[in-house]
Amino acid sequence: MARHHRARLTLAVALSSALLGLAAPPAQASTDQGPKKEPKKTTKIDCAKVKCIALTFDDGPGKYADKLLDTFKKHKAKATFFLEGQYVKSRPAFAKRMVTEGHEIGNHSYTHPHFREISDYQIREELESTAEIVKKVTGKSPTMIRPPYGEFDERVVSIATEMGLPIVLWNGGSRDWATKNEDAIYKEVLRSAKRDGVILMHDWVQQTVTVMPRLLTALEKQGYHMVTVTDLLRDGRKLEPGEIYPDPDVQPSELESPAV
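Residues in the sequence shown are numbered from 1 upward in steps of one, following full-length UniProt numbering.
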């Protein structure tokens, strides 16, 4: 009799536990880590609505490029870097970081020769070798070409067209390669700054890198957004292969640095 009583008691407890389990709300996940955060969305700057300017840097990656990238990251600004293959080879980490952090990459040849003074074959070799090492190091190919010294002719335009890339020059300078003076660089950039301007600078000039925090702050106060060259374009327009941008009426050879 006692055994039957214990069996009935055990069965009652089991049934009670099952019923309580059915009535209980589903277990909640641990809140130790707080609510799940949605990924931040990057808002694309519309240069048709706000003032934009493209700061561009030739001959890199220079040995001060990491400090320059730190400054751009702090200011949440973007730039366009026209790289030389020889320096991508010697400073691959800097080139990779440029792409990782959302900057635009252009082709500035491998050894910075005068394109007008070399053969078609040599021009192709300079550009293709640079494109190859940039892709190998960063995972992305250059999106545009800037010939050394800004010098080009029909042959260069034809080769750029074959490679499917536009030729990007500039319409404002810094003369950083000539003055190597922080105040002079600062004043020259602000003097030549204009909406949709493309400014020529160099990341191997230490004074350029040093003055950049002050310069970005001044441009921001004037309402400028620092963007890549491609981001300057309106309504999703893309530069065509062999197209020259901006207006080539400027005399770039008066602004570009000597060979470095």
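Idealized CB from N, CA, C, for every residue including glycine.
Computed from a prediction, not measured in an experiment: that's the story for all the values here.
In terms of residue numbering, what span does the beta strand (DSSP E) encompassing E104 cover?
Numbered from 1 along the sequence shown, position 104 holds the residue referred to as residue 104. Taken as a continuous stretch (DSSP letters only), the beta strand (DSSP E) holding E104 covers E104 to N107.
Three-state class that DSSP yields for M163 in the structure shown:
Residue 163 sits at position 163 when you count from the first residue of the sequence shown. Of the three classes helix, strand and coil, the one that applies to M163 here is helix, per DSSP.
Along the beta strand (DSSP E) that carries I145, what are the first and last residues, could you check?
Indexing the sequence shown from 1 puts residue 145 at position 145. First-last for I145: undefined, no H or E at that position.
Three-state class that DSSP yields for P39 in the structure shown
Walking along the sequence shown from the start, residue 39 turns up at place 39. Unreliable positioning characterises P39 in this predicted model, as indicated by a pLDDT of 46, which lies under 50. The coordinate reading is nonetheless provided below. Here P39 sits in coil by DSSP.
Separation of H108 from P241, as counted between CA atoms:
The sequence position of residue 241 within the sequence shown is 241, counting from 1. The sequence position of residue 108 within the sequence shown is 108, counting from 1. Each residue's alpha carbon lies about 16 Å from the other.
For D247, collect the residues of the same chain with a Cβ closer than 6 Å to its Cβ; drop the 5 residues on either side in sequence, then sort them by chain order.
Start at 1 with the first residue of the sequence shown, and residue 247 comes out as number 247. Nothing listed; no residue qualifies.
Enumerate in chain order the residues of its own chain whose CB-to-CB distance from T56 is below 8 Å, with the five nearest sequence positions on each side excluded.
For the purposes of this step, residue 56 is taken as the residue at position 56 of the sequence shown. Taken in chain order, the residues that qualify are A79, T80, F81, F82, G106, R146, V168, W170, V198, I199, L200, M201 and V229.
Residues that D70 bridges to, as DSSP identifies them:
For the purposes of this step, residue 70 is taken as the residue at position 70 of the sequence shown. Looking at the DSSP assignment, D70 forms no beta bridge with any residue, so it has no partner.
Output the distance between the C-alpha atoms of A184 and K63, rounded to the nearest integer angstrom.
For the purposes of this step, residue 184 is identified with residue 184 of the sequence shown, where counting begins at 1. For the purposes of this step, residue 63 is identified with residue 63 of the sequence shown, where counting begins at 1. Going from the Cα of A184 to the Cα of K63 covers about 21 Å.
Does DSSP put I185 in a helix, a strand or coil?
Reading the sequence shown from its first residue, position 185 is the one you call residue 185. It is helical.
Through-space distance from S158 to E117, alpha-carbon basis:
As a working mapping, residue 117 is identified with position 117 in the sequence shown. As a working mapping, residue 158 is identified with position 158 in the sequence shown. Rounded to whole angstroms, E117 to S158 spans 16 Å at the Cα level.
Bridge partners for L190 per DSSP, in chain order?
Within the sequence shown, residue 190 is the residue found at index 190, counting from 1. According to DSSP, which records beta bridges pairwise, L190 is partnered with nothing at all.
Near E151, what residues of its chain come up, given a Cβ to Cβ distance below 7 Å and the 5 sequence neighbours on each side ignored?
For the purposes of this step, residue 151 is identified with residue 151 of the sequence shown, where counting begins at 1. Around E151: H114, F115, R116 and S253.
Specify, as a first and last residue, the run of the beta strand (DSSP E) that V50 falls within.
Here residue 50 corresponds to residue number 50 of the sequence shown, with the count starting at 1. Counting along the chain, V50 falls outside any beta strand (DSSP E), and DSSP gives it neither H nor E.
Buried/exposed call for A93, threshold 16 Cβ in 10 Å:
Counting from 1 along the sequence shown, the entry for residue 93 is found at position 93. By the neighbour-count rule (16 or more Cβ atoms within 10 Å), A93 is not buried but exposed.
Exposed or buried, what is T143 when buried is set at 16 or more other beta-carbons lying within 10 Å of its beta-carbon?
One-based indexing of the sequence shown puts residue 143 at position 143. The residue in question, T143, is buried, as its Cβ has 16 or more Cβ neighbours within 10 Å.
Candidates Q207, G60 and I45: closest to D176 by CA position
On the sequence shown, residue 176 is found 176 positions in, with the first residue counted as 1. Minimum Cα distance to D176 is reached at Q207.
What did DSSP end up calling Y245 once you bin it into helix, strand or coil?
Taking the first residue of the sequence shown as position 1, residue 245 is located at position 245. Residue state, collapsed to three classes: strand.
Could you give the C-beta distance for L68 and M212, rounded to a whole number, given that I count them as a contact under 8 Å?
Here residue 68 corresponds to residue number 68 of the sequence shown, with the count starting at 1. Here residue 212 corresponds to residue number 212 of the sequence shown, with the count starting at 1. With 8 Å as the limit, L68 and M212 qualify as a contact, their Cβ atoms being about 6 Å apart.
Between A160 and Q222, what straight-line distance do the alpha-carbon atoms span, to the nearest angstrom?
Counting from one through the sequence shown, the residue named residue 160 turns up at place 160. Counting from one through the sequence shown, the residue named residue 222 turns up at place 222. Roughly 35 Å separates the two Cα atoms.
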